[in-house]
Amino acid sequence: MKFGVGMAIFWQEDYNLVRIIERLSDMGFKAIELYCEYPFLENWNDGDFKDEIEDIGNKIDECGLDVVTHATHYDVNISTWNDEVRSVAVGQVKKSVDAASLLGSDLVVVHPGYLPSKKFSREKTFRKMVESMKEVGRYSQDKGVSVGLENLKHSPKALCVEPDELVEAVDLIDMDNVGITFDIAHANSIPNMKPEQYLERVRDSVFHVHISDNRGDGMHYPIGVGNIDFKPILNGLLDMGFDGQITLEGWLPKWERKETLVQMSIEFLEDYLSEVRSSEVKSV
Numbered sequence: 054m055k056f057g058v059g060m061a062i063f064w065q066e067d068y069n070l071v072r073i074i075e076r077l078s079d080m081g082f083k084a085i086e087l088y089c090e091y092p093f094l095e096n097w098n099d100g101d102f103k104d105e106i107e108d109i110g111n112k113i114d115e116c117g118l119d120v121v122t123h124a125t126h127y128d129v130n131i132s133t134w135n136d137e138v139r140s141v142a143v144g145q146v147k148k149s150v151d152a153a154s155l156l157g158s159d160l161v162v163v164h165p166g167y168l169p170s171k172k173f174s175r176e177k178t179f180r181k182m183v184e185s186m187k188e189v190g191r192y193s194q195d196k197g198v199s200v201g202l203e204n205l206k207h208s209p210k211a212l213c214v215e216p217d218e219l220v221e222a223v224d225l226i227d228m229d230n231v232g233i234t235f236d237i238a239h240a241n242s243i244p245n246m247k248p249e250q251y252l253e254r255v256r257d258s259v260f261h262v263h264i265s266d267n268r269g270d271g272m273h274y275p276i277g278v279g280n281i282d283f284k285p286i287l288n289g290l291l292d293m294g295f296d297g298q299i300t301l302e303g304w305l306p307k308w309e310r311k312e313t314l315v316q317m318s319i320e321f322l323e324d325y326l327s328e329v330r331s332s333e334v335k336s337v
């Protein structure tokens, strides 16, 4: 497994993606996660977005970085009952798959969506999401891209919050290239369940991991700021033979010293991982 960095951590008004990629490479990072939507991609809403993607892809190649892509999710709900709106939402996800293909990324993270209203049937909303994900899965398969359906933070309207619903969705989609993006911070928002227990319930389908800290609120803070014990989670990932990317997430628009916080978080995680591996050797 390897640690990567989510580009949204660095969002601010003078956000310059190419400069950030160069800086992360200089800091020794080997992997990133790119968010496919405006304002993270300046030309996403324009017809020439592919030119921007190709320029970014060239910089990623030049720096020797692996890349995972995160599909559009702000203002997008692939589970809506409005089929015309849902078609647009799915189209945005497909556009993200196109971006992944141009970048040479083999994985796209997708949010499952939410109930348009708490008055609406959860079962019907869930079926709409599965229908959308099957369409995305087929499109991605043709592009040679896998899809990681992400567990969302605890909310009455959100889908795929609980592990059983997430696993059921992947089982119903029933495609080899569709699995799970396990978000540790979101899992920590589930009452009466630890993230490592959540991981155990979904472990057979995990393609990708998001990692950040919080205090049970589902937010994304630097490692060490919240109450998550990462050692049993990393131990679980090692035990299941996970060898994919673990992306450090964060939403820190008003925080200064972002690079320092990222570096400290990764150092914490690498120390935790070393301790877990040392414990495994001693137990043999």
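Take 54 as the starting number for the sequence shown in this note's numbering and just add one per residue.
We treat Cβ as the ideally placed atom computed from N, Cα and C, and that holds for glycine.
Please read all numbers here as calculations on a predicted model, not as lab measurements.
Query raised in the report: For Ser-149, which residues of its own chain have a beta-carbon under 7 Å away from its beta-carbon, when the five flanking residues on both sides are left out?
Result: Cys-89, Thr-122, Ala-124, Thr-125, Val-161
Report task. Could you have a look at His-263 and say whether DSSP puts it in helix, strand or coil? Result -> strand
Report task. Pick out whichever of Gly-190, Met-272, Lys-196 has its Cα sitting closest to the Cα of Asp-229. Result -> Gly-190
Report task. Give me whichever residues DSSP pairs with Glu-95 in a beta bridge. Result -> None, per the DSSP bridge assignment.
**Report entry** Range covered by the alpha helix (DSSP H) that runs through Gln-194
**Finding:** Residues 175-196.
Report task. Look up Ala-84 in the DSSP assignment and give the residues it is bridged to. Result -> Partner(s): Asp-119.
Query raised in the report: By DSSP, does Leu-132 sit in helix, in strand, or in coil?
Result: Checking the displayed sequence, the identity of residue 132 turns out to be Ser instead of Leu. Note: Ser-132 maps to coil in three-state DSSP.
**Report entry** Tyr-127 versus Asp-114, Val-163, Gly-100, Ala-153, residue with shortest Cα-Cα distance
**Finding:** Val-163
Query raised in the report: From what residue to what residue does the alpha helix (DSSP H) around Phe-235 run?
Result: Where Phe-235 is concerned, there is no enclosing alpha helix (DSSP H), although the beta strand (DSSP E) it sits in stretches over 231-236.
Query raised in the report: Near Val-200, what residues of its chain come up, given a Cβ to Cβ distance below 7 Å and the 5 sequence neighbours on each side ignored?
Result: Cβ neighbours of Val-200 beyond the five flanking positions: Val-161, Val-163, Val-189, Gly-190, Ser-193, Asn-230, Val-231.
Requested in this report: Would you list, in sequence order, the uninterrupted beta strand (DSSP E) runs of no fewer than 3 residues that lie entirely inside the region 289-314?
Outcome: 298-301
Query raised in the report: Cα separation between Ser-132 and Leu-205?
Result: So the two alpha carbons sit approximately 13 Å from each other.
Query raised in the report: Mapping DSSP to helix, strand and coil, what is Leu-160?
Result: Correct three-state label for Leu-160: strand.
**Report entry** Cβ-Cβ distance between Gly-110 and Leu-155 below 8 Å
**Finding:** In contact: Gly-110 and Leu-155 (Cβ atoms closer than 8 Å).
Query raised in the report: Are there 16 or more other CB atoms within 10 angstroms of the CB of Gly-157, so buried, or fewer, so exposed?
Result: exposed
Query raised in the report: Given Pro-92, which residues of its chain have a CB within under 8 Å of its CB, disregarding the five upstream and five downstream residues?
Result: Counting only Cβ-Cβ distances below 8 Å, and skipping sequence neighbours, we find Trp-64, Tyr-68.
Report task. To the nearest angstrom, report how far apart Val-141 and Lys-147 are at their CA atoms. Result -> 10 Å
**Report entry** C-alpha gap between Gly-289 and Asp-101, whole angstroms
**Finding:** 43 Å
Query raised in the report: In whole angstroms, what separates the C-alpha of Ile-233 from that of Arg-180?
Result: 17 Å
Query raised in the report: Could you give the residue range of the beta strand (DSSP E) that holds Leu-202?
Result: 199-203
Query raised in the report: Using DSSP with H/G/I as helix, E/B as strand and the rest coil, what is Ala-211?
Result: strand
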